[in-house]
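**Q**
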Amino acid sequence: MLTQAANRGKRKSKPKILVVDDEPDNLDLLYRTFYREFKVLRAESGHAALELLDDHPDLAVIISDQRMPGMSGTDLLRIAADRYPNTIRIMLTGYTDVEDLVEAINEGKVFKYVTKPWEEAELTAVVYQAVDTHNVLEARTRELDRVVRHETLLNGVTNTIRSAQTSREMLQTIVETLGQTLEVDYCIIQPIYSAELTDTYFTYVAAHSQGAPQESLATTLAQTVTQTRAIHVIEDLAKTEQTGLLSPAQQAASERLGIRASAIVPLICKQDLMAVLALHQRDRPRQWDDSELKLLSTLASQAALALAQTWTYERVQSLAQREVLINTITQAIHVSLDPKEIFAAITHKLGQALNADGCALSLWTEIDEYVQCVGLYEGGPAGAPQIRSDVDLPQSQVSISDNPILQTLLLTRAPVVIDNLSHQPTMASHDLPLRLPAKALLVVPLMAEGKIIGSITLRQTYQPRHWQVEEINMAQAVANQAAIAVQQARLYQTTRQQAEQLLAIDQQKNAFFQNISHEFRTPLTLTIGPLESSVSQGQGLDYDQSVMALRNSRRLLRLVNQLLDLQRLDAGRMQATSDSAALHRSGWASYWGSPSPPLPPPGAPRSTAH
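According to the numbering used here, the sequence shown is numbered sequentially starting from 161.
(1) With a cut-off of 8 angstroms on the beta carbons, I'd call residue 603 and residue 565 a contact; round off their distance for me.
(2) Three or more C-beta pairs closer than 8 angstroms, one from the region 508-525 and one from the region 616-623: is that the case here?
(3) Under 6 angstroms Cβ to Cβ from residue 508, same chain only, skipping five residues before and after it: list those, please.
(4) Does residue 665 pass the burial test, meaning 16 or more other C-beta atoms within 10 Å, or should it be called exposed?
(5) Taking residue 453 as the reference, give the member of 232, 391, 473 and 415 with the closest Cα.
(6) Just the Cα atoms here: how many angstroms apart are residue 380 and residue 205?
(7) From residue 277 to residue 219, what distance separates their C-alpha atoms?
(8) Whose C-beta lies closer than 7 angstroms to the C-beta of residue 710 among residues of the same chain, with five residues either side of it excluded?
(9) Using the C-alpha atoms, what's the distance from residue 634 back to residue 306?
(10) Would the beta-carbon of residue 346 fall within 8 angstroms of that of residue 216?
(11) Should the region 429-444 be called in touch with the region 409-421, which here means at least 3 C-beta pairs below 8 angstroms?
(12) Based on DSSP bridge pairs, tell me the residues matched to residue 581.
(13) Between which residues of its own chain and residue 173 is the CB-CB distance below 7 angstroms, once the five residues before and five after are set aside?
(14) DSSP three-state label for residue 418, please.
(15) Using C-beta distances below 7 angstroms, list every residue in its chain close to residue 456, excluding the 5 sequence neighbours before and after it, in chain order.
(16) State whether the region 293-300 contacts the region 196-215, with contact taken as three or more CB pairs (one from each stretch) at a distance under 8 angstroms.
(17) Kindly give me the distance between the Cβ atoms of residue 225 and residue 180, rounded to whole angstroms, as I take these residues to be in contact under 8 angstroms.
(18) Considering only the alpha carbon of each residue, which of 623, 302, 676 and 469 lies closest to residue 581?
(19) Taking just the CA atoms, how far does residue 464 sit from residue 656?
(20) If you count every other CB in all the chains shown that lies within 10 Å of the CB of residue 175, and 16 or more means buried, which is it?
(21) Along the chain, which unbroken stretches of the alpha helix (DSSP H) at least 4 residues long are found entirely within the region 425-505?
(22) For residue 166, collect the residues of the same chain with a Cβ closer than 6 angstroms to its Cβ; drop the 5 residues on either side in sequence, then sort them by chain order.
(23) Figure out for me which residue from 612, 351, 323 and 707 has the closest Cα to the Cα of residue 527.
(24) Which first and last residues belong to the beta strand (DSSP E) in which residue 608 is found?
(25) Between which two residues does the beta strand (DSSP E) containing residue 224 stretch?
(26) May I ask which residues mark the beginning and end of the beta strand (DSSP E) holding residue 614?
(27) Could you compute how far the alpha carbon of residue 112 sits from the alpha carbon of residue 724?
(28) Which first and last residues belong to the beta strand (DSSP E) in which residue 392 is found?
(29) Could you give the DSSP three-state label for residue 384: helix, strand or coil?
(30) Where does residue 176 sit, in a helix, a strand or coil, going by DSSP?
(31) Contact between the region 327-345 and the region 358-369 is defined here as three or more beta-carbon pairs at a separation below 8 angstroms; is this criterion met?
(32) Compare the C-alpha of residue 228 against each of 198, 637, 344 and 184 and name the closest.
(33) In three-state DSSP terms, what is residue 556?
(34) Would residue 586 pass as a contact of residue 576 if the rule is Cβ separation under 8 angstroms?
(35) DSSP state of residue 689, grouped into three classes?
(36) Reducing DSSP to helix, strand and coil, say where residue 290 ends up.
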């Protein structure tokens, strides 16, 4: 697109006219008549004239003789009218045949015809009139081309906005379309989040402006964007009064890129600043047309509205995806009691949901020396090395105190976001996630009672990645669920250990009862037997003493039997009953003071205790 400055320069130059005649004297005469005001080109035939037309498509007027050998003036003007309709055509003729004139006017689309010999004043007036007509046609054509181009651009950007699947796709297409249509060297859009410019930007660089590495070029372009709510136009940065419109950082970035002219356009929707668009021209100033600025303002309004709608839709989708992921992980926590299965499910689901190359879950505290990997997911492109979940997980070889990422996590208690590790070499001295290569990292803490008990690390292996706010929030939400899972897993392990300890104690109790009963029953049997014999025969001890010894020995035997019954009842090998006879047989009646069975009189047969 020609700028106004270029157009003014073009209008100051002499208009070009082409005179065609097979008579050299006529050509000389026409040249002497017009060379002061116009740049005069001469041709002695129709074919030569067509060659000059191809070399000079900006010719304003053609003055051609009608009767020429090889190609008539009518044929020449007809071809010129088809190829260059804005060039005004004048016919010179020495004949007044009406048919020739009608043919010339109809086929050659002749503006005027002048008969030979001509009056110089008359021919000069006709030529001036033709040049003015040419200028009007050129201006209208340029205006029509501009309107058509702008309408095409507006329709193209509108269709792009409507058909774009994501906000990133929409913004990238907008900068490319605007950059190509407005013929600028650079175009950049930088979104705004929470009233601040983000680190995300979408750029267009014209083919002739490419040279520096794309990554450093885009970073420098981002430094030329300023947060503004009004359109700023800079036509020539070489002028001191316009240089003051930029901050020192913007001036330095513009100088590095060779920018001379800029237009900064905000994208505002319902008083909310959504993004900032910047267009830059290199090496030469540029006067921005009012129509261009109006078009940019219209496009900015439509793009801001579409961007707000797209971001709202993406946030809803992200929240829905987040809820599904949280529900899936929560279900996995509730279904399984195996910590290994739970941690594997968390890393697998989160890694897939965020399309990360890897996801690791590690347990550690600030008093630990090393982290312990308990879950690992490996995604990434086909052919990448995979780590199976059924083998031992890799472990850290760098201590927590020497890991700058984990130290930052301990200090801030907030996610550590690294879009490009090559830009932060101090953060690269670590082995998370566990000595695997990484270009970008997102590390979120697992918190329990205000303390860190672990972390989840998401990794991009082969290229940098800008982690979106929604992605960070999703990872943090999953980390919260993972912290609950860790606490439950530890509670489960503690409960399981306690159950195993109780079982061991119960087994020891059973063994104790069995040993006690065995050790008690043997001496009791040996004691009760002689006493029964002594009591029945009335010999040995005093009878009253023998009765007392025998009664208490039987009482002790019943207590031993009672212990065995309790052990059988606890082990489930005996059913409890409230029958009074059973209570009496069990020995509880005598234990609580009920009368014991009568002792045999002296001389009665004795019964041996078992």
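For every residue, glycine included, the Cβ atom is placed at its ideal position computed from N, Cα and C.
**A** Short version:
(1) 6 angstroms
(2) yes
(3) 537
(4) exposed
(5) That would be 391, whose Cα lies nearest to the Cα of residue 453.
(6) Going from the Cα of residue 380 to the Cα of residue 205 covers about 57 angstroms.
(7) Roughly 25 angstroms between the two C-alpha positions.
(8) 688, 691, 692, 695 and 759
(9) 47 angstroms
(10) no
(11) yes
(12) Bridge partners of residue 581: none, in fact.
(13) By the criterion of a C-beta distance shorter than 7 angstroms, residue 173 is surrounded by no residue of its chain, once the five residues flanking it on both sides are discounted.
(14) coil
(15) 423 and 425
(16) The region 293-300 makes no contact with the region 196-215; the number of CB pairs closer than 8 angstroms stays below 3.
(17) 6 angstroms
(18) 623
(19) 58 angstroms
(20) buried
(21) 450-495
(22) The predicted model places residue 166 with a pLDDT of 38, which falls under 50 and marks its position as unreliable, so this point remains unresolved.
(23) 612
(24) That run of the beta strand (DSSP E) goes 600-608.
(25) 221-225
(26) Where residue 614 is concerned, the enclosing beta strand (DSSP E) stretches over 611-620.
(27) The requested residue 112 does not occur in the structure, where the chain is confined to residues 161 to 770.
(28) 392-394
(29) coil
(30) strand
(31) yes
(32) 184
(33) coil
(34) In terms of Cβ geometry, residue 586 and residue 576 do not form a close pair [threshold 8 angstroms].
(35) In the three-state scheme derived from DSSP, where H, G and I count as helix and E and B as strand, residue 689 is classed as helix.
(36) helix
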